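In terms of the UniProt record's numbering, the sequence shown is residues 1 to 334.
Even glycine gets a Cβ: it sits at the ideal position worked out from N, Cα and C.
On a predicted model such as this, the values are computed, not experimentally measured, just so you know.
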Amino acid sequence: MNIAELGRTGGGEPAVRTEGLAKSFGEHRAVDGIDLEVRPGEIFGVLGPNGAGKTTTLRMLATLLKIDAGRAEIFGVDVAGNPHVIRQLVGVTGQYASVDENLTARENLWLFSRLQGVPAGRARGIAIDLLAQFGLEKAADKPIAQFSGGMRRRLDLAASLITRPPLIFLDEPTTGLDPRTRGQMWDTIRSLVADGCTVLLTTQYLDEADQLADRVAVIDHGRKVAEGTPDELKSAVGNSTLQLLLAEPAEVPAAVEVVRRVLGSEPVLSPEQGRLNVALDRADLAADVLIALRTAGLSISSVSVAKPSLDEVFLVLTGHETDDHGDRALEESR
Ligand SMILES: Nc1ncnc2c1ncn2[C@@H]1O[C@H](COP(=O)(O)OP(=O)(O)OP(=O)(O)O)[C@@H](O)[C@H]1O
Ligand SMILES: [Mg+2]
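Next up, the structure:
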């Protein structure tokens with residue numbers, strides 16, 4: 001079967017499907033039974049904190065790590081059974097991190113093309129096209145050693161596109177980039193999808209998932225704790241959120257007690273001192289909470305009512321600040 005066709009039309013198969021995917025390092029279950037389904041043509045975000053198992057998941061899907069348990073398919077092709085086919089279907093960034101620093105961007109792209117069996121003449125053309133697509137024409141003949149982080153990241157992504165794979169894995173594509181370069185990277189990723197690619201990306205940034213991803217899986221400790229569109233995830237934590245900053249951080253426990261009493265629910269403590277977020281079913285419940293706080297003699301230095309951000313969703317779901325309360329709350333709400 002023609003590989004490109006397999007990816008683009010897909011025969012109705014999901015771009016990625018995993019069932020019970022697992023990987024242990026010694027005793028540690030880095031990925032602990034993850035089910036995913038990525039639809040062709042979407043940007044799917046895997047969101048999770050440091051050590052959640054994001055990179056390990058991508059590496060298994062890219063055949064760079066052995067799958068310990070469970071199954072994974074890419075466009076209907078079993079990953080463990082057909083690694084050579086999978087490598088033609090997937091473009092992975094990060095795997096070219098050890099490029100020759102003394103070679104120029106153009107030389108690197110040419111070399112990668114040749115290593116992947118592209119004839120010399122065509123390799124030259126591919127390098128020119130990719131340098132243009134990623135805004136690297138001016139830097140084309142500079143050695144990589146002189147590249148900034150953002151330029152390297154773009155060259156890395158360019159290199160993963162040489163074979164025009166239908167599915168692209170991006171592991172934290174914008175970590176460490178400045179806001180403008182991040183925005184450019186987002187545009188680049190969107191243009192890949194407009195060209196018919198499917199993108200699976202990992203991120204620790206809520207706003208990145210919110211801006212880019214059609215659907216998001218939140219993972220923590222190697223397990224999926226939630227999945228949905230960014231809007232669905234946000235509405236899982238209430239229709240609106242009361243955001244409070246207490247004048248006295250030491251009064252947080254007393255404020256938590258008040259919220260429990262008034263709403264019968266648990267506020268989410270933010271890592272920022274004295275700040276707590278209260279999920280509200282109706283925005284007007286905010287008044288009840290504020291009056292009760294005043295009656296209890298607790299003073300507030302700032303207050304707002306907002307639609308919940310993915311940040312709050314993340315805190316609720318991964319629950320590090322709230323002792324896993326959030327995981328249960330979401331499961332119960334489903
Ligand atoms: N080769 C390895 N050997 C041993 N442990 C590993 C290895 N690779 C990853 N781990 C462990 O597996 C867990 C998941 O790591 P992984 O790199 O997948 O997390 P991540 O979600 O990508 O985190 P980050 O956001 O920091 O990149 C971590 O506890 C990590 O220490
Ligand atoms: Mg990682």
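- A distance of 8 angstroms or more separates the beta carbons of ALA286 and LEU246.
- When the five nearest sequence neighbours on each side are left out, the beta carbons in the same chain lying within less than 7 angstroms of the beta carbon of THR57 are those of LEU21, VAL31, ILE34, VAL46, in order along the chain.
- Cβ contact annotation for ASP171 (same chain, cutoff 6 angstroms, sequence separation greater than five): THR55, LEU58, GLY94, THR202, in chain order.
- Per the DSSP secondary-structure output, GLN243 pairs in a beta bridge with ASN277, SER304.
- Under the three-state reduction of DSSP output, ILE67 falls in the coil class, being neither helix nor strand.
- When beta bridges are read from the DSSP output, ILE34 appears opposite LEU21.
- Exclusion of the five residues before and after PHE314 leaves LEU206 as the residues of its chain whose Cβ lies within less than 6 angstroms of its Cβ.
- Rounded to the nearest whole angstrom, the C-alpha separation of ILE162 and ALA140 is 16 angstroms.
- Burial is judged here by how many other beta carbons sit within 10 angstroms of a residue's own beta carbon; GLU312 has at least 16 and is buried.
- Note: ARG215 is bridge-paired with PHE44 in the DSSP secondary-structure output.
- Every alpha helix (DSSP H) stretch that sits fully inside the region 187-232 and reaches 4 residues is listed by chain position as 206-212.
- Judged by their CB atoms, GLY238 and ASP281 are nearer to each other than the 8 angstroms cut-off.
- In the structure shown, ASP156 adopts helical secondary structure according to DSSP, grouped into three states.
- Of the other Cβ atoms in all chains shown, fewer than 16 fall within 10 Å of the Cβ of ALA145; this residue is therefore exposed.
- Here GLY91 carries a strand assignment [DSSP, helix/strand/coil].
- Shortest gap from the CB of THR202 to any heavy atom of ligand 2: under 7 angstroms.
- In the displayed model, PHE314 falls within a helix according to three-state DSSP.
- Secondary structure of THR57 (DSSP, three-state): helix.
- Between ALA296 and ALA250, the gap from beta carbon to beta carbon reaches 8 angstroms or more.
- Counting along the chain, ILE162 sits inside no alpha helix (DSSP H), nor does DSSP assign it H or E at all.
- THR198 sits away from MET185, with the two beta carbons spaced by 8 angstroms or more.
- Around the Cβ of ASN108, a 10 Å sphere holds 16 or more other Cβ atoms; the residue is buried.
- Judged by the Cβ position, GLY53 qualifies as a neighbour of ligand 1 at the 7 angstroms threshold, a heavy atom of the ligand being closer than this.
- According to DSSP, residue pairing for HIS28 in a beta bridge involves PHE25.
- Distances taken from the Cβ of GLY176 to the heavy atoms of ligand 1 include none shorter than 7 angstroms.
- About 6 angstroms separates the beta carbons of PRO165 and LEU89, which is inside the 8 angstroms limit, making them a contact pair.
- For ARG294, the closest C-alpha among the options LEU244, GLN204, LEU157, THR188 is that of LEU244.
- Runs of alpha helix (DSSP H) with 4 or more residues, each lying fully within the region 250-274, are found at 252-263, listed in chain order.
- Contact holds between the region 151-162 and the region 123-133, because three or more Cβ pairs, one in each stretch, are under 8 angstroms apart.
- CA-CA distance, SER113 to ILE126, rounds to 8 angstroms.
- In the DSSP assignment, THR295 is bridged to no other residue.
- Each residue's CA atom was taken as its position, placing GLY51 and ALA226 some 17 angstroms apart.
- Taking the Cβ of GLU172 as the reference point, at least one heavy atom of ligand 2 falls within a distance shorter than 7 angstroms.
- Bounds of the beta strand (DSSP E) holding LEU167 are 167-171.
- The closest CA to that of ALA62, considering only GLU37, GLY91, GLY76, is found on GLY91.
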